[in-house]
Structures are given as C-alpha cells and as structure tokens.
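Colleague: Protein sequences, first through last, are from chains Y and C.
Using this note's numbering, you'd call the opening residue of the first sequence number -1 and step up by one each time.
Using this note's numbering, you'd call the opening residue of the second sequence number -1 and step up by one each time.
Note that CB positions come from ideal geometry on N, CA and C, so glycine has one too.
The structure follows.
There are 2 protein chains.
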Amino acid sequence: MSKLAINGGSKAVTIAAEEQWTPPCDEIRNVIDEKINAGKLSGDWEDTYFKFEDEFAAYTGAKNCLAFNEGTFSLWAAYLGIGLKPGDEVIVPSYTWIASISPALYIGARPVFCEVEKGKLVADPADIRKRITPKTKAIVVVHIHGNVANMDEIMEIARENNLYVVEDCSHCHGAEWNGKKAGTIGHIGCFSMQGDFITGKALPAGEGGMIITNDDDLYNKIVFYTQINRPLKAGEQLDEKYKRFYPANLGVKFRAHPFALCIARVMLKYLDYRNDQKRSYRQKMNEALSGIPGIITISEYEKARAGGFYGGMQMLYDATAYDNLPKERFLEAIKAEGVDMSYRDYDALHMTPLFQEGYDIYGNGQGAICGDYIGYKNGDLPVTESTWANLMGMPVFTNEPAGYAEQVIEAFRKVSENYKELL
Amino acid sequence: MSKLAINGGSKAVTIAAEEQWTPPCDEIRNVIDEKINAGKLSGDWEDTYFKFEDEFAAYTGAKNCLAFNEGTFSLWAAYLGIGLKPGDEVIVPSYTWIASISPALYIGARPVFCEVEKGKLVADPADIRKRITPKTKAIVVVHIHGNVANMDEIMEIARENNLYVVEDCSHCHGAEWNGKKAGTIGHIGCFSMQGDFITGKALPAGEGGMIITNDDDLYNKIVFYTQINRPLKAGEQLDEKYKRFYPANLGVKFRAHPFALCIARVMLKYLDYRNDQKRSYRQKMNEALSGIPGIITISEYEKARAGGFYGGMQMLYDATAYDNLPKERFLEAIKAEGVDMSYRDYDALHMTPLFQEGYDIYGNGQGAICGDYIGYKNGDLPVTESTWANLMGMPVFTNEPAGYAEQVIEAFRKVSENYKELL
C-alpha cells in the first residue's frame, strides 16, 4: 500500500501555509488618510520624503538615503552615479533578478555574468576575479533571498582593481555583514520596496526603492542625475559642480510616490521583528532539513546575518541520494504532501534568450548586448547552472501556523524514506 | 493722493484666491483604504492598472493606454517606442518644462529648440520646418498650459518628412483639436499626473503618468521596453517579435504606484466638470482682460479647445502701452492690489545653463549635449524670448470665490489707469 500522498496516501501537511502575522493596516490607513484629507501628495518633502530617508539612513547607519519610484531606478541611479557609460562592463551574478542589471543595458553597459558560490547562492569572489577586464567598471553584489555575499573579499577585489561595488539589497533589508547593515559596505546599496505586506519585499511600499551611500559625492551626483526640483534638506549644501543647474538639474525625476513612503515608514517599524522571526523559522527549518538525505541547506558566512528573506528560503536537491530521482519528481511528491514549495524562482540570466541572443536596444548596432556581443550559452556557468537546476524554495513566516513547520519536516522525512515509490 | 495699493492706496482685491471646489477625498480614501485592508498593492492588475488604462483610453478615444510612474517616464517610454537613438535630433519648443525633452538626453538624442507662435505659446509650425535636418526623428508638441498646438500643420510636416509626433499632454488632459482629444492626433500622447488635487495636473495622482496611442506596434514595443512582468489583458496578443522574451521583456519597470491610479480613477470622473468650469473662468477673464491696454490674452486656434489648464492662464504684457514701464513693475503693482499672479513659470530652455553650456552626461564626450554640441545663446529664439519676457500668469478656478474675478479685473483696470504712478 502506498504511503506517499502523490500515490494516494494521506497528506503529511494538513495545516494551510498561511502567514499568521497581521500587517499594520490601521496604522498605514491612518497615515495615508491624513495625507488625502490634507491634499498632501507630491511635494510633501519634509513630512514624507525626508522623514523616510532619514529614518532608513538611521536604521542602516548610512550617511545618505534617497528614495526612488522603483528598485529598478535605485539601480539605474547607482549606475548613473558611479559614472557607468556605454562600453563599460559590469560583473553581476547570473542567478539574480534581471533588474539587477537591466538599467545598465539602457546606459549601454554590458553585463558580465559570474558564478555563485556552491551552496551559498551569492556571487563567488574567485570567479569575479577571473572576469575583470580593462572595461570593468563595477561589481554588482546581490544578497539574494537575504543571503549576504562575502563582502570582505569583494571589497578587496574592488580596491585592487579600482572598481565600484554596488550592493543590490532588494532581498535583504536589515541583513548584516560583520555587524554592518548590508548596503553600507559597498560604495552604494540599492533597495526595492516592491510588493505587498506579506509576500513583498521585507520593507514593502507597493512600488518603490531607495539607495544608501556613505559617499557624499556619489549622493550629490545621483541627486543631480535623478532629482529635478528636489529642495535641500536642512544643512544640505549644493555641490559647486551642480549649483548653477539647480533646481532643474538634468531634468529627470526618479521619484517615489509619496504614499509608497507613507507605507514604508510604518513597515520599517516592524522590519526587525519580522526579520528576527523569519530568521528563527529559517534556522529551525534548516536544522531539521539538513538531516534529510539529499537536501542541502543554504550555508551562510560566519560574518553574515541574513535578513529580508525575499523569496523565502532555499535549499538544493541532490538526486544522488535518491537513485537519481529527478528533482521535479521529488518536488511533486513534496507538494502533494501539502507543502507550499512556491517561491520566487529566477532564471539564471545567462540562460535566457535575451542574454544568449542579445538585443539591439537602440537599433543602431552599438548597444550593450549587440554589435560585438557574444551571447552566452548553456554550459558557460556550470556552478550556477547546477545550482539553479537543483534549487527548491519555500516561504518563511513571521508567525507560522502552529504545527506547520513540524508537518513540513515530517513531509520531507516521509518522501525521503519512501522515495522508492517515486522511481 | 495715491490710488495704487503699491503706493499706499487700498487694495482692489479683498477676497482670497482660494479654490472653492472640494476634491473627492472621501471617495479616494475609500478606494485606497479598501486596497490597504486587502493588502492589494503592486500586482493589482485587473482592478487597478487595467481599469485605469481602459477608462483613460475610453475617455480619450485612444486604442491603447499604458500607465507610468511619472510623466517623465511616459515621455521616456515614448522616445524608446519611436526608436530614438543616440545622435538623433528631436524638435521641441524652448518654452516648456524640461522633462518634455530630458529623457531624450539620457538616450543620447539632441534637442533642437523651436519657436512658439506669437501670442499662442505653442510650437510654431513654420519654425519647426526650418529646423528639420536628416537627423530629425521626432517633433515634440507641448500643449502648454492647456493650449493646443496646430496639429493639422504639424502632422502635415511630420508626414512630409517621415517624422514621429509626440504630444506632450501633461498640461492639457481633456483638451481637443478638431473634436479629437489631445494625445490622439500625433503618434503618441504623453501625460503627467503629478501633483495634488487643486494645483496639480488636471488628472492628479501624486506622481504618475501615461501614454495613449492608436498604433498597436508602438504600444507593444513600449510594453516590451518598459514593462517587466506585465500580464496580458483579456484578448491581448503578444507580438511575435517579443514573444520569447516575455514576461521579463527588457528587464525594466516604468510602473505607476497602484495608489496613484486609485486616485486618478476617482479624479477622472471630475475632469470634464473641472475643465468646463476652468474654461468658462478663463474665457470670462480673457474677455475682460483683452479690454485692458497692454494686456494681450493668449489666443486659440478655432479647432482647439483648451483643457487641463496646468499652470493656470497666461497673458502677455506690452510695455509700449505704458510708456515702457517694465513688466516687473507692473506685476508688482498688480500683486500689491491683492491679485494672485503666481503661476508655473518655466524657463525658456535654450536660455538655461544646461542647454547653453551643455553637459557630458555619460562622461565619454559622446552624449546628446556635449562633443560637437554647439550650445544655444540668448538671442537664438527671439520670438520665444520676447514671449517669455512678457509672460504673466494667474490661477484658474473650478469654482472661484464669489466676486473674486470681478475684483481681479478691477485691479487690472485700476493699475492700467493709474500706471503713471509707477513710472
């Protein structure tokens, strides 16, 4: 008689995978309702923009924070700030969300994909080194799903080669490296605030983003390149270089919606609590899952303290533990047991049509990924490819339903012990 | 004894220039509160994004509408859509908000400024003709402060020279040319929704924008260039060219905040009423002011029906009617009478440091306004310069305070009759 649910047995998980934490809707509503009543929309500098920026700067310990309309534009702004220009190269892990690098394409700079570290999901410093050329301008580090990359090694590489380090922190609000908040170790940290209160970024705002940087010159340049008609904060001085172009600057506006920042200001109060809870949940699950054959949990550097956890928690599948049972089959069986194995699944970018075939964005044969661009092909990044092929993920919870975690672990144990039913 | 308030006389205007129309805050609050309670932020495609787009398309009679995070990005999207590339030229009136053209700078395309029509504030077709070169790709028409440009002539020029016409409709939501809504006559119409309920754009959303176009190819290309992970609307087909890149497309997101569109959907219901009221107010004021010596009201084409009225209503000052009394002095006297003469004052772009000196945006000597760029100088656009020098403006009202308009007219009459006190 079959034991596995996929074969007609009873399910190991009978509890729905529903977040039990209640978002602070009342608080958010009150703040926004007040703004609506007062007709305070764009232009609410002191009470919305500057307050959010000051609070997030204080939270991260960064000197400067600047809010944007999207995470995408926080990266775009960073690329403009570091002086990325057509023909430059940017090293970026292939396993990331495309927006880590897509703004560079519009500037005309070329992505150079690097490997992730085996079992860690973050950029591999040794592989980054191999990909540096005279055209390299920057390394983009992505603390993917909240896992913090080896910032010591990466900063060392950057120093040696005179490169900028852009930290894409869209997944890791509140994460740390060696006691410092992610985003403050590289030259600039970029964040997304996309998404809703539960499944969105750790600091969600609907749509939104921000950069943090300790480099005043970089900050001033980014203001000049992206912020038309932005008033000066108390004590802020205009840089001589940009003074006579003020306030129109370069005429564009990468600006957050004020209500996005209203949401974010409330949500920031709950960030540490949610991170702590999710970290505990992840640790508990990792400890249990690491005892299951064929499940490789994601390992962290000692100096790293994961945070944000966008996209849930990941693990790798090792088919050799199960007579080469394909991951897809294993996963189906786990899901059939009632485990929520949904997660934010990214393509390995070098395996996508865009970066394999290239595209002539401006139609002049001279763009980032056309002309002399040699597209990637499958096999080019073997570690990333095997990681990607074996990746599985599941949600993490601020407050999980009572008993859910134990049932999930039981489901893994059950499928593991009865895998022969799947062969 | 002095009669003018500036010289110690009593003020002609004793009523505060306060809009009496009450914005629909309750309605807006209800919609947004519901979204907050349901945790519907980004991703609320059917109920927010598509509904707004369908409603605005229906309002304008356009085939396609696509919402953006800013008016700036609606223009950026338009430029990407028409295939603007580095080295191209774009003809644009010098008297406009810089964002009409600034996104083109980031693409590497060069603005070529044209004159406005005397007494009309909109692009002069005869002058546009003179500025066409083999590099010209597009004409940007700005229906500034709600005044509609001569679309018949401009479309004819575009046809003859195989150029795109981009209508910057940021000031003129609801305006018409020959019975068609502004934005539907050129190849693409771009709108801003920046600002608050009273002083913002005619369709305000805090921050936001949209494009409309009847050209499906243009629409599909813009979706591909600016909309990552946008689901298809019912009945929408993916273009063959872009199919295999879907849904990541080119990896960037120029996306409106969902709450911006919640606001805009409510405000759209009031657009026609507000436009009708403001149109009547403007007409009443224009009729009275045109009887004042030295005041030249802005004239409209017979086919034009102004709308939106962002930045209020303008007029030109003719110093010769007052023994060459400088405009500034006349204006001071009018203000001293209690008239609100605040208005959205734009620089003539060719007179700004940015377009006179140029700027090397990407630091490679090859940008839009560097390298072989010959900057503009004062005197280059004499009609625009004299228009700009003589421009004055004042608010228009949906519901003006009772008696305010009459007092304003009286103030003009009083200063006009007693101008010798100012000499």
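Relative to the C-alpha of L314 (chain C), which candidate in C:F328, C:Y240, C:G305, C:Y308 has its C-alpha closest?
Modeller: Counting from one through the second sequence, the residue named residue 314 (chain C) turns up at place 316. Among C:F328, C:Y240, C:G305, C:Y308, the Cα nearest to that of L314 (chain C) is on C:F328.
Colleague: Taking the straight line between their C-alpha atoms, what separation do you get for G356 (chain Y) and L201 (chain C)?
Modeller: As a working note, residue 356 (chain Y) is residue 358 in the first sequence. As a working note, residue 201 (chain C) is residue 203 in the second sequence. If you take the alpha carbons of G356 (chain Y) and L201 (chain C), they lie about 39 Å apart.
Colleague: So, with DSSP's three-state summary, where would you put D371 (chain C)?
Modeller: Position 373 of the second sequence, counting from 1, holds the residue named residue 371 (chain C). Note that residue 371 (chain C) corresponds to Tyr in the displayed sequence, not to Asp. In the three-state reduction of the DSSP assignment, Y371 (chain C) falls in the coil class.
Colleague: Can you find the residues in the same chain that come closer than 6 Å, C-beta to C-beta, to R280 (chain Y), ignoring five residues on each side of it along the sequence?
Modeller: Here residue 280 (chain Y) refers to the residue found at position 282 when the first sequence is read from its first residue. Taken in chain order, the residues that qualify are M311, V394.
Colleague: Assuming I196 (chain Y) contacts C23 (chain C) under a Cβ cut-off of 8 Å, what Cβ separation, rounded to an integer in Å, is found between them?
Modeller: Here the question's residue 196 (chain Y) lines up with position 198 in the first sequence. Here the question's residue 23 (chain C) lines up with position 25 in the second sequence. Cβ-Cβ separation between I196 (chain Y) and C23 (chain C): approximately 28 Å, too far for a contact (criterion under 8 Å).
Colleague: Would the segment 182 to 190 of chain Y and the segment 212 to 231 of chain Y be scored as touching if the rule is three or more Cβ pairs under 8 Å?
Modeller: yes
Colleague: Quick one: what does DSSP say G41 (chain Y) is sitting in, helix, strand or coil?
Modeller: The count along the first sequence starts at 1 and reaches residue 41 (chain Y) at position 43. If DSSP states are grouped into helix, strand and coil, G41 (chain Y) belongs with the strands.
Colleague: Does E205 (chain C) get closer than 7 Å to chain Y when you measure Cβ to Cβ?
Modeller: Walking along the second sequence from the start, residue 205 (chain C) turns up at place 207. Chain Y, which has a Cβ nearer than 7 Å to the Cβ of E205 (chain C), makes this yes.
Colleague: So, G59 (chain Y) versus K179 (chain Y), is the Cβ gap smaller than 7 Å?
Modeller: Position 61 of the first sequence, counted from the first residue, corresponds to residue 59 (chain Y). Position 181 of the first sequence, counted from the first residue, corresponds to residue 179 (chain Y). Here G59 (chain Y) is near K179 (chain Y), since their CB atoms are less than 7 Å apart.
Colleague: What are the boundary residues of the beta strand (DSSP E) that includes F257 (chain C)?
Modeller: By one-based count along the second sequence, residue 257 (chain C) stands at place 259. Where F257 (chain C) is concerned, there is no enclosing beta strand (DSSP E), although the alpha helix (DSSP H) it sits in stretches over 256 to 266.
Colleague: Measuring only the C-alpha atoms, how far is N284 (chain C) from T295 (chain C)?
Modeller: Locating residue 284 (chain C) in the second sequence gives position 286, counting from the first residue. Locating residue 295 (chain C) in the second sequence gives position 297, counting from the first residue. Distance between the alpha carbons of N284 (chain C) and T295 (chain C) is about 6 Å.
Colleague: Could you check which residue in C:P351, C:Y341, C:R263 has the C-alpha nearest to that of K239 (chain Y)?
Modeller: Locating residue 239 (chain Y) in the first sequence gives position 241, where the first residue counts as 1. The option with the nearest alpha carbon to K239 (chain Y) is C:P351.
Colleague: Going along the chain, which residues of the segment 190 to 204 of chain C sit with their C-beta nearer than 8 Å to a C-beta in chain Y?
Modeller: Listed in sequence order: Q192, G193, D194, F195, I196, G198, P202, A203, G204.
Colleague: By DSSP, does Q354 (chain Y) sit in helix, in strand, or in coil?
Modeller: The residue labelled residue 354 (chain Y) in the question sits at position 356 within the first sequence. Assignment of Q354 (chain Y) by DSSP, reduced to helix, strand and coil, places it in the helix class.
Colleague: Give a yes or no on whether the minimum CB-CB distance between L352 (chain Y) and chain C is below 7 Å.
Modeller: The sequence position of residue 352 (chain Y) within the first sequence is 354, counting from 1. L352 (chain Y) belongs to the set of residues whose beta carbon lies under 7 Å from a beta carbon in chain C.
Colleague: Name the chain C residues that come within less than 7 Å of T70 (chain Y), Cβ to Cβ?
Modeller: Taking the first residue of the first sequence as position 1, residue 70 (chain Y) is located at position 72. Under the 7 Å cutoff, chain C gives V250, K251.
Colleague: The alpha helix (DSSP H) spanning P291 (chain C) covers which residue range?
Modeller: Position 293 of the second sequence, counting from 1, holds the residue named residue 291 (chain C). For P291 (chain C), there is no enclosing alpha helix (DSSP H), as DSSP gives it neither H nor E.
Colleague: Quick one: which residues of the segment 92 to 103 of chain C get their C-beta closer than 8 Å to a C-beta of chain Y? List them in chain order.
Modeller: I96, A97, I99, S100, P101, L103
Colleague: What ranges does the beta strand (DSSP E) occupy inside the segment 106 to 140 of chain C, keeping only unbroken runs of at least 3 residues that lie completely in it?
Modeller: 108 to 112, 134 to 140
Colleague: Write down every uninterrupted run of the beta strand (DSSP E) in the segment 283 to 353 of chain Y whose length is 3 residues or greater and which is fully enclosed by it, in chain order.
Modeller: With a minimum length of 3 residues, the continuous beta strand (DSSP E) runs that stay inside the segment 283 to 353 of chain Y are 293 to 295, 311 to 315.
Colleague: Can you give me the Cβ contacts of A121 (chain C) inside the same chain, cut-off strictly under 6 Å, excluding the 5 residues immediately before and after it?
Modeller: By one-based count along the second sequence, residue 121 (chain C) stands at place 123. Result list for A121 (chain C): P91, C112, V139, A147, in chain order.
Colleague: So does P351 (chain Y) have its beta carbon nearer than 6 Å to some heavy atom of the ligand MG?
Modeller: You won't find the ligand MG in this model; it holds no ligand whatsoever.
Colleague: Which residues of chain C have a Cβ atom closer than 7 Å to the Cβ of G292 (chain Y), listed in chain order?
Modeller: The count along the first sequence starts at 1 and reaches residue 292 (chain Y) at position 294. Here the premise fails: no neighbours, minimum Cβ distance about 31 Å.
Colleague: Please report the distance separating the alpha-carbon of P84 (chain Y) from that of Y104 (chain C).
Modeller: Your numbering for residue 84 (chain Y) matches position 86 in the first sequence. Your numbering for residue 104 (chain C) matches position 106 in the second sequence. Cα to Cα, P84 (chain Y) sits roughly 11 Å from Y104 (chain C).
Colleague: Can you name the residues of chain C whose CB is closer than 8 Å to the CB of K83 (chain Y)?
Modeller: Translated into the one-based positions of the first sequence, residue 83 (chain Y) becomes position 85. Those are Y360, G361, N362, listed as they occur along chain C.
Colleague: Helix, strand or coil: which one does DSSP assign to T182 (chain C)?
Modeller: Within the second sequence, residue 182 (chain C) is the residue found at index 184, counting from 1. Coil.
Colleague: Could you name the residues of the same chain whose beta carbon sits closer than 8 Å to that of L287 (chain C), not counting the 5 residues immediately before and after it, in chain order?
Modeller: Indexing the second sequence from 1 puts residue 287 (chain C) at position 289. Contacts found: I293, T295, M313, I407, F410.
Colleague: Can you list the residues of chain Y that F243 (chain C) reaches, using a CB-CB cut of under 7 Å?
Modeller: As a working mapping, residue 243 (chain C) is identified with position 245 in the second sequence. Residues of chain Y passing the Cβ test: P351, L352.
Colleague: So I210 (chain C) contacts chain Y; which residues on that side make the cut at Cβ distance below 9 Å?
Modeller: Counting from 1 along the second sequence, the entry for residue 210 (chain C) is found at position 212. Within 9 Å Cβ-Cβ: nothing; I210 (chain C) doesn't reach chain Y, min ~21 Å.
Colleague: Please report how far the alpha carbon of L39 (chain Y) lies from the alpha carbon of G207 (chain C), in whole angstroms.
Modeller: Mapped onto the first sequence, residue 39 (chain Y) falls at position 41. Mapped onto the second sequence, residue 207 (chain C) falls at position 209. Cα to Cα, L39 (chain Y) sits roughly 14 Å from G207 (chain C).
Colleague: Name, going along the chain, the residues of the segment 256 to 271 of chain Y whose beta-carbon falls closer than 8 Å to a beta-carbon of chain C.
Modeller: P256, F257, A258, I261
Colleague: Give a yes or no on whether 7 Å exceeds the smallest Cβ distance from D237 (chain Y) to chain C.
Modeller: In the first sequence, counting from the first residue as 1, residue 237 (chain Y) sits at position 239. For D237 (chain Y), the answer is no, since every Cβ of chain C falls outside 7 Å of its Cβ.
Colleague: For D321 (chain C), which of C:K418, C:E32, C:W95 has the nearest alpha-carbon?
Modeller: Stepping through the second sequence from its first residue, residue 321 (chain C) is reached at position 323. Ranking the options by Cα distance to D321 (chain C), first place goes to C:K418.
Colleague: Taking 7 Å as the CB-CB cut-off, is L379 (chain C) touching chain Y?
Modeller: Looking up residue 379 (chain C) in the second sequence gives position 381. Chain Y contact via Cβ: absent.
Colleague: Taking the alpha-carbon positions, what's the I155 (chain Y) to K135 (chain Y) distance?
Modeller: Position 157 of the first sequence, counted from the first residue, corresponds to residue 155 (chain Y). Position 137 of the first sequence, counted from the first residue, corresponds to residue 135 (chain Y). Approximately 12 Å between the Cα atoms of the pair.
Colleague: Which class does A366 (chain Y) belong to by DSSP, given the choice of helix, strand or coil?
Modeller: Stepping through the first sequence from its first residue, residue 366 (chain Y) is reached at position 368. In this structure, A366 (chain Y) counts as coil in the three-state DSSP scheme.
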